[in-house]
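Peer 1: In the order they appear, the protein sequences are chains X and V.
With the numbering used here as the guide, the letters of the first sequence map in order to residues 1 to 350.
With the numbering used here as the guide, the letters of the second sequence map in order to residues 1001 to 1350.
Just so you know, even glycine gets a beta-carbon here, dropped at the ideal spot from N, CA and C.
Quick caveat: nothing in here was measured; it's all calculated off a predicted structure.
Number of protein chains: 2
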Amino acid sequence: MSIKDVAKIAGVSISTVSRCLNSPENVKGKTLAAVQSAIEQTGYAPNALARNFRRGKTGLVMVVLQSVGLPFWEGVMRGINGVAREEGYSILIRETASSQPELDDYLKMVVSKEADGVIILASPSPFSSTNAYSTQDRRTPIVLGCENVTDELAHIPSVRVDNRRAANEATQYLIQLGHERIGFIAGSRGSLLTRDRERGYWDAMKASPRGQQREWVVNGDQTIEGARRATRKLLSLADRPTAIFCANDEMAMASIYEIKRSGLSVPDDVSVLGFDDIRYAAIMDPPLTTVVQPTEEIGERTMRRLLNAIEGRDIGEAPEIVEHRLIVRESTAAPRAQDTTRDDRRELPA
Amino acid sequence: MSIKDVAKIAGVSISTVSRCLNSPENVKGKTLAAVQSAIEQTGYAPNALARNFRRGKTGLVMVVLQSVGLPFWEGVMRGINGVAREEGYSILIRETASSQPELDDYLKMVVSKEADGVIILASPSPFSSTNAYSTQDRRTPIVLGCENVTDELAHIPSVRVDNRRAANEATQYLIQLGHERIGFIAGSRGSLLTRDRERGYWDAMKASPRGQQREWVVNGDQTIEGARRATRKLLSLADRPTAIFCANDEMAMASIYEIKRSGLSVPDDVSVLGFDDIRYAAIMDPPLTTVVQPTEEIGERTMRRLLNAIEGRDIGEAPEIVEHRLIVRESTAAPRAQDTTRDDRRELPA
DNA sequence: TCACAAAATCGAAACGTTTTCATTTGTAGG
DNA sequence: CCTACAAATGAAAACGTTTCGATTTTGTGA
């Protein structure tokens, strides 16, 4: 059932059939009708394999993410998918959770015509020497969404919020509430995104009454378990923080869990502030104060930028910055007046 | 940079180069070495487009899901991805959240060689007349994961837990705890998965002391908002349930949120039981009692079954059933002794 | 009706593989 | 040293489309 059969039935040449499919405005109404009828009749569907082969384009964009199922990426993926559909592309996904390929493997996929471009939403194998993004690679279309990657990929064009400023502002907000001892649960080591947020936190703490304290910053590893551990560590500090800023909402959830579990209350004893505004942020107990990113916009712009690159335009290497916003819910409050000793925990009901 | 260039440099024919790539055991060591060196030298990478075209296979499996970012599908996708990688397939995703194609569109994708097979994890456009799965379609490789689809797709082979039995057992568990008024928050109308769970609930309630009550079953629409609405409805009942069984964990989260918000406590006033054991189930407050599905196994078996179909084997149409398991945490408890009036809510602190 | 330009159609090449069949090379046995 | 056979390699076809240049048809104005 190929274009040939259709041509024969319609009594035209195969090039005419092809034209009917691709530029019907160039074919006479009568022939068009004949061809369409032949197509109906045979149930012909163009062979995408052949077409893509001939055109030298896969129509595929590879999206690298850590794992399907992480709520944060929902909006980003919706954005990506939306413009992909609009522009006739399909999305190929690869999870780094299950395997750990090198960046290089992805770049190769576009030279071997498995995809036309790559969007990176998660660092391929962290700390791999072959992850360096050489100038030679500059010609393969690739864009980062959110800059959730290691240093070596720093120069790849990206679309993201200003994580440093956002984290700074969020921390400022806690300081303004009156908090002086503010903990920070960092994400996975070596992720640009995470490091920028940590920097923003440091920036803000510099000007805070008690200044910066090394021990207030603990690595949460971007995992629930890690964040729980980190929280326990923070809670056991002599100078226990009255507020904890988590590098993302998932860790904030874990942190809240652990805080409550130790008999403390959020936000009465400890305020918690997240980052991302995932779909569960508003129905946690208490509803989470957090930094919102325009995820869908990030997805859309990432995809658009990639398409530009695919079409051969120069997209530069400067990140595209989109706006964030702090959304205040109930997990943050002013610290309690008497909260200067570390022993108030004992006074609480279990 | 094609196979031709490599052939020229290596001083062999293109068929030999092809053989070096695909069946090196059939080529003499010396030529193999020469060819490999030529490949190195040119940086040649086989053109996947051409290869797939020639072979008539895309190497792609289309996975239809509602939306990336829903935690439940994390494990399923990991399973799918795992065997896909093993078998040399890539995963194409399509979200039904952003567009609503018909099942037919997906089937067409395999005839038009955009993918070799389809895995359905979410109903394409619910209640569409063209979603019927005709016997004529029986030849296109397609498998359901979890049967999260509308009636019309009932006869497509699937891999899933026995939702009806699982829901029955879960409800039994609540009954055994001493609950008599048990609410059920159903998922999206028309989803087989959800309906089976509802059936399981009814099955169990038949034998319960107070029997079945229409008003105890409310539609939660598979959404957070829907589940909140449903919960409010249940709580406002004259005979307010002392336990609520939610068709999935996400709705359980929403339900718990709403219960607490109305001043009641979980599980003291109302027990809540979920389904799925998503990654946040264990760190909710309280940690959620729920039904676990072996998601990764489901994904693996779904994919394997699809591959069988792709390779032309008859995979039948009977569902493959995998084992579920109830995991008891802290969101369920025996009802309070005095809990027979509806007015205890007033006695609680706001 | 004719000439001519424009529009429509056709024929054939090309895309980069894989694969079949034929040919060459190598090897062992007599 | 020749034959027979196996192993290795080569030549060419084929996959289904798009597209280029050539050719035919159509339409227009004189």
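Kindly indicate which residue of V/Ser1208, V/Asn1148, V/Leu1177 has the alpha-carbon position closest to the one of V/Leu1192.
Peer 2: Counting from 1 along the second sequence, the entry for residue 1192 of chain V is found at position 192. Ranking V/Ser1208, V/Asn1148, V/Leu1177 by Cα distance to V/Leu1192 puts V/Asn1148 first.
Peer 1: Flag this pair as yes or no: are the beta carbons of V/Ile1182 and V/Thr1171 separated by less than 8 angstroms?
Peer 2: As a working note, residue 1182 of chain V is residue 182 in the second sequence. As a working note, residue 1171 of chain V is residue 171 in the second sequence. Yes; because the gap between Cβ atoms is below 8 angstroms, this pair is in contact.
Peer 1: With a Cβ-Cβ cutoff of 8 angstroms, do V/Val1068 and V/Ile1039 count as a contact?
Peer 2: Along the second sequence, read from residue 1 onward, the residue named residue 1068 of chain V stands at position 68. Along the second sequence, read from residue 1 onward, the residue named residue 1039 of chain V stands at position 39. No. Outside cutoff.
Peer 1: I'd like the list of long-range same chain contacts for V/Thr1140, defined as Cβ closer than 6 angstroms, with 5 residues on each side in sequence excluded.
Peer 2: The residue given as residue 1140 of chain V occupies position 140 in the second sequence. Same-chain partners within the cutoff: Leu1107, Val1110.
Peer 1: Would you mind giving the Cβ-Cβ distance between V/Ser1331 and V/Pro1267, rounded to the nearest angstrom? I have them listed as a contact below 8 angstroms.
Peer 2: As a position in the second sequence, residue 1331 of chain V is number 331, starting the count at 1. As a position in the second sequence, residue 1267 of chain V is number 267, starting the count at 1. Right, the Cβ-Cβ distance comes to about 5 angstroms (below 8 angstroms), so this counts as a contact.
Peer 1: Would V/Ser1037 be called buried (16 or more neighbouring beta carbons within 10 Å of its own) or exposed?
Peer 2: Taking the first residue of the second sequence as 1, we reach residue 1037 of chain V at position 37. The residue is exposed, with fewer than 16 neighbouring Cβ atoms inside 10 Å.
Peer 1: Use the C-beta contact count for X/Ser2: other C-beta atoms within 10 angstroms, 16 or more gives buried, fewer gives exposed.
Peer 2: Looking up residue 2 of chain X in the first sequence gives position 2. X/Ser2 is exposed by the Cβ-count criterion.
Peer 1: Using a Cβ-Cβ cut-off of 8 angstroms (strictly less than) and excluding sequence neighbours within five positions of X/Leu348, which residues of its own chain qualify?
Peer 2: Locating residue 348 of chain X in the first sequence gives position 348, where the first residue counts as 1. Note that X/Leu348 has pLDDT 38, beneath the 50 cutoff, so the model's placement of it is unreliable and the number below is only indicative. Around X/Leu348: Gly263, Leu264, Ser265, Asp269.
Peer 1: Find the residues of chain X that neighbour V/Ser1090, judging by a C-beta separation of less than 8 angstroms, and give them in chain order.
Peer 2: Translated into positions along the second sequence, residue 1090 of chain V becomes position 90. Within chain X, the residues near V/Ser1090 are Leu92, Arg94, Glu114.
Peer 1: Mind checking the segment 1027-1046 of chain V against chain X and listing, in chain order, the residues whose C-beta falls within less than 7 angstroms of any C-beta there?
Peer 2: Within the segment 1027-1046 of chain V, the residues whose Cβ lies closer than 7 angstroms to some Cβ of chain X are Ala1045, Pro1046, listed in chain order.
Peer 1: Can you check which of these residues, X/Phe275, X/Glu250, X/Glu258, is closest to X/Arg228 by C-alpha distance?
Peer 2: Counting from one through the first sequence, the residue named residue 228 of chain X turns up at place 228. When only C-alpha atoms are compared, the closest one is X/Glu258.
Peer 1: Out of X/Ile91, X/Pro286, X/Arg336, which one is the CA nearest neighbour of V/Lys1260?
Peer 2: In the second sequence, residue 1260 of chain V corresponds to position 260, counting from 1. Ranking the options by Cα distance to V/Lys1260, first place goes to X/Pro286.
Peer 1: Hey, would you say the C-beta of X/Phe53 is under 7 angstroms away from at least one heavy atom of the ligand ADP?
Peer 2: Ligands are entirely absent from the displayed structure, and the ligand ADP is therefore not among its contents.
Peer 1: Is there contact here, the segment 149-165 of chain X with the segment 213-233 of chain X, by at least three beta-carbon pairs under 8 angstroms?
Peer 2: Contact fails: fewer than three Cβ-Cβ distances are below 8 angstroms.
Peer 1: Which residues in chain X sit within 7 angstroms of V/Lys1260, going by Cβ to Cβ distance?
Peer 2: Within the second sequence, residue 1260 of chain V is the residue found at index 260, counting from 1. In chain order: Asp285.
Peer 1: According to DSSP, is V/Gly1183 part of a helix, a strand, or is it coil?
Peer 2: Looking up residue 1183 of chain V in the second sequence gives position 183. Strand, per DSSP.
Peer 1: Going along the chain, which residues of its own chain have a beta-carbon closer than 7 angstroms to the beta-carbon of X/Ser255, five neighbours each way excluded?
Peer 2: Within the first sequence, residue 255 of chain X is the residue found at index 255, counting from 1. For X/Ser255, where only same-chain residues beyond five positions count, the Cβ hits under 7 angstroms are Ile185, Ala227, Thr231, Ile244, Cys246, Val272.
Peer 1: Consider the Cβ of X/Arg279: report whether some Cβ of chain V lies at a distance smaller than 8 angstroms.
Peer 2: Translated into positions along the first sequence, residue 279 of chain X becomes position 279. Answer yes: the Cβ-Cβ gap between X/Arg279 and chain V drops below 8 angstroms somewhere.
Peer 1: Sort out for me which residues DSSP pairs V/Leu1273 with in a bridge.
Peer 2: As a working note, residue 1273 of chain V is residue 273 in the second sequence. Answer by DSSP bridge pairing, in chain order: V/Phe1245, V/Thr1289.
Peer 1: Would X/Arg71 count as contacting chain V if we go by Cβ distances under 8 angstroms?
Peer 2: By 1-based counting over the first sequence, the position of residue 71 of chain X is 71. What sits at residue 71 of chain X in the sequence shown is Pro, not Arg. For X/Pro71, the answer is yes, since a Cβ of chain V falls inside 8 angstroms of its Cβ.
Peer 1: What does V/Thr1290 touch in chain X if you count any residue whose Cβ is under 7 angstroms from its own?
Peer 2: Within the second sequence, numbered from 1, the residue matching residue 1290 of chain V stands at position 290. Within 7 angstroms Cβ-Cβ: nothing; V/Thr1290 doesn't reach chain X, min ~15 angstroms.
Peer 1: Check this for me: beta carbons of X/Val328 and X/Ala166, under 8 angstroms apart or not?
Peer 2: As a working mapping, residue 328 of chain X is identified with position 328 in the first sequence. As a working mapping, residue 166 of chain X is identified with position 166 in the first sequence. Cβ atoms of X/Val328 and X/Ala166: not closer than 8 angstroms.
Peer 1: If you scan the segment 157-203 of chain X from start to end, which runs of the beta strand (DSSP E) of 3 or more residues do you find wholly inside it?
Peer 2: Whole beta strand (DSSP E) segments, 3+ residues: 158-161, 182-186.
Peer 1: So, with DSSP's three-state summary, where would you put V/Glu1308?
Peer 2: Taking the first residue of the second sequence as position 1, residue 1308 of chain V is located at position 308. Looking at the sequence shown, residue 1308 of chain V is not Glu but Asn. Three-state DSSP puts V/Asn1308 in a helix.
Peer 1: Spell out whether any CB of chain X is found under 8 angstroms from the CB atom of V/Ile1224.
Peer 2: Within the second sequence, numbered from 1, the residue matching residue 1224 of chain V stands at position 224. Yes, V/Ile1224 counts as interfacial toward chain X.
Peer 1: Could you tell me whether the Cβ of X/Ala7 comes closer than 8 angstroms to any Cβ of chain V?
Peer 2: Here residue 7 of chain X is taken as the residue at index 7 of the first sequence, counted from 1. Taking Cβ atoms only, chain V never reaches closer than 8 angstroms to X/Ala7, which makes this a no.
Peer 1: Looking only at DSSP bridge pairs, what is V/Ile1321 linked to?
Peer 2: The count along the second sequence starts at 1 and reaches residue 1321 of chain V at position 321. Paired residue(s): V/Arg1160.
Peer 1: Tell me whether the segment 50-68 of chain X and the segment 79-96 of chain X touch, counting them as touching only if at least three CB pairs, one residue from each stretch, are closer than 8 angstroms.
Peer 2: Counting Cβ pairs under 8 angstroms, three or more are found: they touch.
Peer 1: If X/Gly79 and X/Glu297 are in contact, beta carbons under 8 angstroms, what's the gap, nearest whole angstrom?
Peer 2: Reading the first sequence from its first residue, position 79 is the one you call residue 79 of chain X. Reading the first sequence from its first residue, position 297 is the one you call residue 297 of chain X. About 6 angstroms; that satisfies the 8 angstroms criterion.
Peer 1: Is there a C-beta anywhere in chain V that falls below 8 angstroms from the one on X/Thr58?
Peer 2: Within the first sequence, residue 58 of chain X is the residue found at index 58, counting from 1. At least one chain V Cβ lies under 8 angstroms of X/Thr58.
Peer 1: Would you identify the three-state DSSP class for X/Glu95, choosing helix, strand or coil?
Peer 2: What you label residue 95 of chain X is simply residue 95 of the first sequence in a count that begins at 1. The answer is strand: DSSP assigns X/Glu95 an E or B state.
Peer 1: Give every residue of the same chain whose Cβ lies closer than 6 angstroms to the Cβ of V/Glu1317, excluding the five residues on either side of it in the sequence, and list them in chain order.
Peer 2: For this step, residue 1317 of chain V is matched to residue 317 along the second sequence. Answer for V/Glu1317: His1155, Pro1157, listed in chain order.
Peer 1: Are the C-beta of V/Arg1078 and some C-beta of chain X separated by less than 8 angstroms?
Peer 2: Here residue 1078 of chain V corresponds to residue number 78 of the second sequence, with the count starting at 1. Yes, contact with chain X.
Peer 1: Given this structure, state the Cα-to-Cα distance separating V/Gln1100 from V/Leu1065, to the nearest angstrom.
Peer 2: Within the second sequence, residue 1100 of chain V is the residue found at index 100, counting from 1. Within the second sequence, residue 1065 of chain V is the residue found at index 65, counting from 1. About 11 angstroms.
Peer 1: Straight-line CA distance for X/Leu49 to V/Pro1046?
Peer 2: To locate residue 49 of chain X, count along the first sequence from 1; it is residue 49. To locate residue 1046 of chain V, count along the second sequence from 1; it is residue 46. For X/Leu49 and V/Pro1046, the distance between alpha carbons rounds to 16 angstroms.
Peer 1: With DSSP run on the structure shown, which of helix, strand or coil describes V/Met1284?
Peer 2: Taking the second sequence and counting its residues from 1, one reaches residue 1284 of chain V at position 284. Three-state result, V/Met1284: coil.
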